[in-house]
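Chemist:
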RNA sequence: GGUUCCUUGGCCGAGUGGUUAGGUAGCGGUCUGCAAAACCGCGUACGGCGGUUCGAUUCCGCCAGGAACCUCCA
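Numbering (our numbering), first residue to last: 1 to 490.
1) Can you tell me the Cα-Cα spacing of residue 142 and residue 262, whole angstroms?
2) How big is the Cα-Cα spacing for residue 250 and residue 235?
3) Expressed to the nearest angstrom, what Euclidean distance is found between the alpha-carbon atoms of residue 252 and residue 441?
4) Locate the beta strand (DSSP E) running through residue 154, then write down its first and last residues.
5) Name the DSSP bridge partner or partners of residue 480?
6) Using only the alpha-carbon positions, how far apart do residue 338 and residue 360 sit?
7) Quick check for students: name the residue ranges of the alpha helix (DSSP H) that lie wholly in the region 401-461, counting only runs of 4 or more.
8) Give the DSSP-derived three-state secondary structure of residue 312 in the structure shown.
9) State the Cα-Cα distance for the pair residue 125 and residue 468, rounded to the nearest angstrom.
10) For the beta strand (DSSP E) that residue 64 lies in, which residues bound it at each end?
11) Does the distance from the CB of residue 424 to the CB of residue 55 come in under 8 Å?
12) Judging by CA-CA distance, which residue of 351, 490, 48 is the nearest neighbour of residue 476?
13) Residue 311 and residue 488 - do their beta-carbons sit closer together than 8 Å?
14) Which two residues bound the contiguous beta strand (DSSP E) that contains residue 273?
15) Can you tell me which of the three DSSP states residue 376 falls into?
16) Please classify residue 175 as buried or exposed, where buried requires at least 16 neighbouring CB atoms within 10 angstroms.
17) Residue 6 and residue 364: beta carbons closer than 8 Å?
18) Specify the secondary structure class of residue 395 as computed by DSSP and reduced to three states.
19) Would residue 173 be called buried (16 or more neighbouring beta carbons within 10 Å of its own) or exposed?
20) Enumerate, from N- to C-terminal direction, the unbroken beta strand (DSSP E) stretches of 3 or more residues contained entirely within the region 205-249.
21) Compare the C-alpha of residue 276 against each of 452, 326, 209 and name the closest.
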């Protein structure tokens with residue numbers, strides 16, 4: 001009896017069997033990016049993590065609605081500042097662009113990067129700016145229920161009041177009393193009853209570009225509201241999975257819970273999932289820390305910290321080789337070894353169609369499939385899953401070298417395992433050099449190698465080695481086999 | 001200061017109260033004209049000090065070092 005999918009629920013701090021609210025269907029909401037600059041390595045982590053989850057849920061046969069928001073309204077950059085400018089507005093002035101032009105520019109890049117990483121697009125990608133009315137309606141519900149108050153054109157969430165009926169801090173394990181004791185008083189918060197109250201609607205200063213009319217005056221929605229409003233709209237007042245980075249657990253997700261609960265009277269998310277951070281020199285990679293490397297820089301190798309370029313699939317594999325709840329440390333050495341490992345995996349996969357079946361098997365394929373399933377069912381343990389696939393790699397290579405044999409049935413099974421787990425679920429794919437597909441180049445290389453084989457036949461090692469090293473110089477590696485040779489382009 | 005968490009072989013990174021993680025790098029071997037690839041073999045890692053236990057890397061305590069959150073953040 002196979003164990004079912006279990007996932008770690010941040011809310012209970014333990015693994016739980018995943019059972020959707022509605023049999024056969026499930027909803028997944030993931031916090032997307034704030035599009036005010038290029039996506040960096042850190043953004044790839046949740047994208048790949050929840051892509052893996054999405055792919056696996058689809059594989060299990062669920063009808064999945066996957067929602068990932070785009071924050072294009074911008075959160076307040078710094079409440080202490082009088083102007084209270086938001087990030088997107090600030091960037092817009094810097095670049096002399098319309099705010100929506102900035103949004104579109106970085107959104108386009110984000111989409112391209114996500115496609116390069118072979119992440120499946122979400123079913124719905126709602127934008128905060130397109131859901132101002134929904135956010136205002138949610139504020140009204142919270143006000144009607146008495147958990148918010150209006151001051152001078154802004155609306156704040158009343159955390160203390162909320163905490164009398166519900167509990168503020170259930171997700172992040174905080175309690176309000178401790179928070180009160182430890183909160184320092186920041187300036188510019190005179191409007192709030194308590195420093196930990198947060199804005200649902202913020203009055204716009206005169207120079208603020210992004211603002212909308214509301215019954216409280218011109219303003220813009222608070223930091224945390226869009227996710228509550230949009231998840232509710234597209235997934236319902238109760239839905240299965242909400243994902244995001246660990247750094248969003250507090251205050252963002254805590255506030256989301258409070259908002260949704262204050263409006264509807266009950267909690268909305270059944271399973272909270274949080275991916276850990278990517279670190280660099282032991283420290284979190286973050287835009288605000290200035291220690292980030294963008295995905296485009298990684299793909300091109302154009303960054304002082306990079307020894308070489310790393311392909312999108314190398315990045316994806318690098319991320320999948322660590323469990324999503326562990327920190328993952330960036331280094332050139334780690335990325336290079338990931339690239340090598342991936343190459344080995346993909347080469348074995350490419351060998352699969354060329355294998356011939358024997359009457360009997362000398363290897364055990366049966367356990368492999370079950371091992372893969374067991375690994376991923378255990379809170380998406382992709383590193384273990386990958387380790388099992390490397391068992392398959394050894395088998396494939398042994399069969400290819402005539403050191404082991406597989407029956408036709410086992411060979412089919414092996415093919416199906418790689419197809420399902422490597423390509424469909426881990427979402428890895430071949431990265432062909434486009435030039436390698438050119439028929440002209442193929443024929444030129446074949447011709448050159450034919451000349452080399454003639455030289456080899458005459459034991460003219462000088463010519464044969466010259467051709468091989470020159471081909472290597474232009475990126476074509478040649479491997480001699482017992483009969484003939486193989487070649488490939490980098 | 002508060003809350004939570006981490007410390008595994010050169011590097012990345014799983015996992016477990018007693019039995020091989022895996023990748024990569026390194027070493028030895030097979031194969032090969034050589035090289036590469038592949039295959040076979042190898043290293044006896046679990047921060048320190050105590051405790052529980054027949055037995056702890058795995059549980060508990062203390063110490064050291066590091067991280068995340070407490071402000072925007074994936």
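We treat Cβ as the ideally placed atom computed from N, Cα and C, and that holds for glycine.
Modeler: Quick answer:
1) Answer to the nearest angstrom: the Cα atoms are 6 Å apart.
2) Those two C-alpha atoms are separated by around 22 Å.
3) Approximately 54 Å between the Cα atoms of the pair.
4) It spans 154-157 - the beta strand (DSSP E) in which residue 154 sits, taken as one unbroken run.
5) The partner list for residue 480 (beta bridge, DSSP) reads 485.
6) Residue 338 and residue 360: Cα-Cα distance of roughly 34 Å.
7) Counting only runs of 4 or more residues that sit fully inside the region 401-461, the alpha helix (DSSP H) segments are 408-417, 439-457, in chain order.
8) In the structure shown, the three-state DSSP call for residue 312 is helix.
9) Separation of residue 125 and residue 468 (C-alpha to C-alpha, rounded to the nearest whole angstrom) is 50 Å.
10) Start and end: 63-68.
11) The criterion of a C-beta distance shorter than 8 Å is satisfied by residue 424 and residue 55.
12) Taking only the C-alpha atoms, the option nearest residue 476 is 490.
13) Cβ atoms of residue 488 and residue 311: not closer than 8 Å.
14) Note, residue 273: beta strand (DSSP E), 269-275.
15) In this structure, DSSP gives residue 376 a helical state, which the three-state scheme calls helix.
16) With fewer than 16 other Cβ atoms within 10 Å, it is exposed.
17) With respect to the 8 Å criterion, residue 6 and residue 364 are not classified as neighbours on the basis of their beta carbons.
18) DSSP places residue 395 within a helical segment (H, G or I) once states are collapsed to three.
19) Exposed, since its Cβ has fewer than 16 Cβ neighbours within 10 Å.
20) Within the region 205-249, the beta strand (DSSP E) runs of at least 3 residues that lie entirely inside it are, in chain order, 219-221, 239-245.
21) Nearest C-alpha to residue 276: 326.
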